[in-house]
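Read the structure below first, then the notes.
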Amino acid sequence: MRKLVFLAISAALVLSGCVKEGNINGIGEYGSVSIGLSSEGEFAEVKSGGEVNVADFYLKILQGASVVKSYSKYSDVPNAIELSPGSYKVEAGTSADADAEWDQPIYYGSQEFSVSAGEALSLDLTCTLSNMKVTVTCSEAFNNEISEDFEIAITNGKGTLIFDKTKIDAGTSGYFSVGTLTIDLTATRKSTGEEILEHRVIEGGAAKDHFILNFDAQETGSISFGDSGITIDYSLNDREEEIIVPGEDETPVEEPDPGEPEDEYLPTITGDGIEKPVILSKSGIKPEKVDIDIETLNSKTIENILVSISGPDGFVAAVNMMGLGGEFSIVDFEGTAGEARKETLVGLGLIEDPSVSKIKGTSNYTFSIGSFMGPLADITFAEDVVNFKIKVIDSDNKEASATCTINIVE
1 MRKLVFLAIS AALVLSGCVK EGNINGIGEY GSVSIGLSSE GEFAEVKSGG EVNVADFYLK
61 ILQGASVVKS YSKYSDVPNA IELSPGSYKV EAGTSADADA EWDQPIYYGS QEFSVSAGEA
121 LSLDLTCTLS NMKVTVTCSE AFNNEISEDF EIAITNGKGT LIFDKTKIDA GTSGYFSVGT
181 LTIDLTATRK STGEEILEHR VIEGGAAKDH FILNFDAQET GSISFGDSGI TIDYSLNDRE
241 EEIIVPGEDE TPVEEPDPGE PEDEYLPTIT GDGIEKPVIL SKSGIKPEKV DIDIETLNSK
301 TIENILVSIS GPDGFVAAVN MMGLGGEFSI VDFEGTAGEA RKETLVGLGL IEDPSVSKIK
361 GTSNYTFSIG SFMGPLADIT FAEDVVNFKI KVIDSDNKEA SATCTINIVE
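Numbering (the UniProt record's numbering), first residue to last: 1 to 410.
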């Protein structure tokens with residue numbers, strides 16, 4: 001980690017220098033503070049989209065929730081800032097604050113301090129990286145196997161960036177506010193035109209993490225499917241994820257468990273938003289149909305369907321108020337809370353009255369959430385991402401899960 005220090009200011013002011021003209025009996029009614037600013041930390045070994053210059057950082061001083069001094073650039077900050085006696089907080093950093101953006105490292109720092117009458121205070125504030133970086137690389141095997149029109153959609157649940165061949169070849173990196181990353185590859189195989197869909201979720205992201213996503217492809221005819229875990233070099237905060245596209249006409253080779261049948265006939269979950277996100281326009285026509293199709297196999301039936309909804313904080317708070325927070329069932333409605341949840345789901349048009357249209361015991365069901373698109377557009381913002389995670393449990397207690405993703409646009 002390299003420390004860059006710019007425009008460090010150290011001022012020692014005599015008491016007479018803090019006295020304002022007109023003060024009674026020449027006693028200083030004000031104090032002053034001089035602030036030295038530096039940036040610390042960079043994403044190791046990969047350029048972070050240009051030199052970081054603290055001269056361009058904003059700086060503001062707050063007293064409680066009120067901003068008493070504000071400067072759009074640190075280069076405009078005077079050597080000494082005059083303040084009334086009291087307690088304050090200084091904040092500084094880069095002005096950019098998008099949840100997902102290209103070449104946007106975000107620095108931030110804060111410190112609390114107090115000023116006394118006649119005092120000349122000197123502070124040094126360090127701003128550190130507060131977001132995550134994502135770099136994508138593609139192996140020679142990947143480029144040989146996969147058509148050039150592939151797209152890799154990466155989201156942190158608040159914003160989405162699309163990596164294509166042009167972005168990757170240029171070494172362009174994406175920057176995301178801290179959170180869980182979801183990665184979806186959409187591509188076609190050159191030799192057959194087969195559509196390829198790969199999905200990964202990386203949890204536990206933290207400030208300064210640099211995720212290096214290495215995309216590789218098995219050659220046609222290979223029988224192994226590689227999926228290494230995440231390896232972390234904590235000294236650099238680099239986190240690598242290998243994402244390997246399996247070869248054509250191959251299946252993972254595993255030793256069957258003698259106690260389990262080779263084919264468990266897990267439930268299937270398909271439909272809108274599962275393999276490709278649904279695009280919801282706030283200002284356009286809302287999709288009337290967003291259907292998630294559920295089917296059990298081998299003469300088994302649906303025992304339960306559990307749903308969990310995630311998205312931006314404000315949306316999640318609204319969902320919680322409706323009694324749809326956490327993981328909830330759309331099949332079982334026992335107790336007072338269950339009855340209230342049933343009324344909410346029926347009222348929103350997400351399910352029909354279970355006394356009229358039962359789900360449990362059937363072999364297929366369509367969970368229709370199209371009626372929720374209008375309210376969803378009203379309580380979210382452009383670039384928000386909302387996920388409906390669906391877990392199906394069949395009568396043999398086997399389960400399968402899938403996620404329906406809704407991308408909100410203006």
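Glycine included, each C-beta is placed from N, C-alpha and C at the ideal position.
Computed from a predicted model, the values in this text were never measured in an experiment.
Item	Value
Given a cut-off of 8 Å on the beta-carbon distance, is the pair VAL201 and SER173 in contact?	no
How far does the beta strand (DSSP E) with GLY338 in it extend, from its first residue to its last?	Counting along the chain, GLY338 falls outside any beta strand (DSSP E), though it belongs to the alpha helix (DSSP H) covering 335-347.
Tell me whether ILE202 sits in a helix, a strand or coil according to DSSP, three-state version.	strand
Please confirm whether VAL316 and SER310 have their CB atoms less than 8 Å apart.	yes
State the CB to CB distance for the pair GLN111 and LEU123, rounded to an integer number of angstroms; the pair is presumed to be in contact (CB under 8 Å).	6 Å
Per the contact definition of three or more C-beta pairs closer than 8 Å, is the region 90-102 in contact with the region 52-62?	yes
Count the C-beta pairs between the region 115-131 and the region 183-200 that are closer than 8 Å, then say yes if the count reaches three, no if not.	no
Out of GLY323, GLY370 and THR186, state which residue places its alpha-carbon closest to the alpha-carbon of LEU350.	GLY370
Comparing the CB of SER310 with every heavy atom of the ligand FMN, is any distance shorter than 7 Å?	Annotation note on the ligand FMN: not contained in the displayed structure, which lists no ligands.
Given that a residue counts as buried once 16 or more other Cβ atoms are within 10 Å of its Cβ, and exposed if not, what is PHE367?	buried
Identify every run of the beta strand (DSSP E) within the region 67-100, keeping only runs that are complete inside it and at least 3 residues long; order them along the chain.	81-83 and 86-93
Could you check what DSSP says for LYS389 in three-state terms: helix, strand or coil?	strand
To the nearest angstrom, report how far apart PRO267 and GLU327 are at their CA atoms.	19 Å
Rounding to the nearest angstrom, what Cα-Cα distance links ILE9 and GLN63 in this structure?	Annotation note: pLDDT 24 at ILE9 (below 50); position unreliable, coordinate value reported separately. Answer to the nearest angstrom: the Cα atoms are 23 Å apart.
Does GLU410 pass the burial test, meaning 16 or more other C-beta atoms within 10 Å, or should it be called exposed?	exposed
Please list the terminal residues of the continuous beta strand (DSSP E) segment that includes PHE328.	327-329
Hey, would you say SER147 sits closer than 8 Å to ASP216, going by beta carbons?	no
Using alpha carbons as the reference points, say which of ILE183, GLU303 and ASP353 lies closest to THR403.	ILE183
Is it right to say SER329 is buried, meaning 16 or more other beta carbons lie within 10 angstroms of its own, or is it exposed?	buried
Which same chain residues, not among the five before or five after ALA289, have their C-beta less than 8 Å away from its C-beta?	The question names Ala, yet the displayed sequence has Lys at residue 289. Cβ within range, chain order: ASP272, SER368 and GLY370.
Take the Cβ of SER177 as the centre, count every other Cβ of all protein chains shown within 10 Å, and call the residue buried at 16 or more, exposed below.	buried
Within its chain, find whatever has a CB closer than 6 Å to the CB of TYR71; leave out the 5 residues flanking it on each side and keep chain order.	LEU59 and VAL77
Please classify ASP353 as buried or exposed, where buried requires at least 16 other C-beta atoms within 10 Å of its C-beta.	exposed
If you check the beta carbons only, do THR344 and LEU324 fall under 8 Å apart?	yes
DSSP three-state label for SER401, please.	strand
Quick check: what's the CA-CA separation for GLU240 versus VAL68?	44 Å
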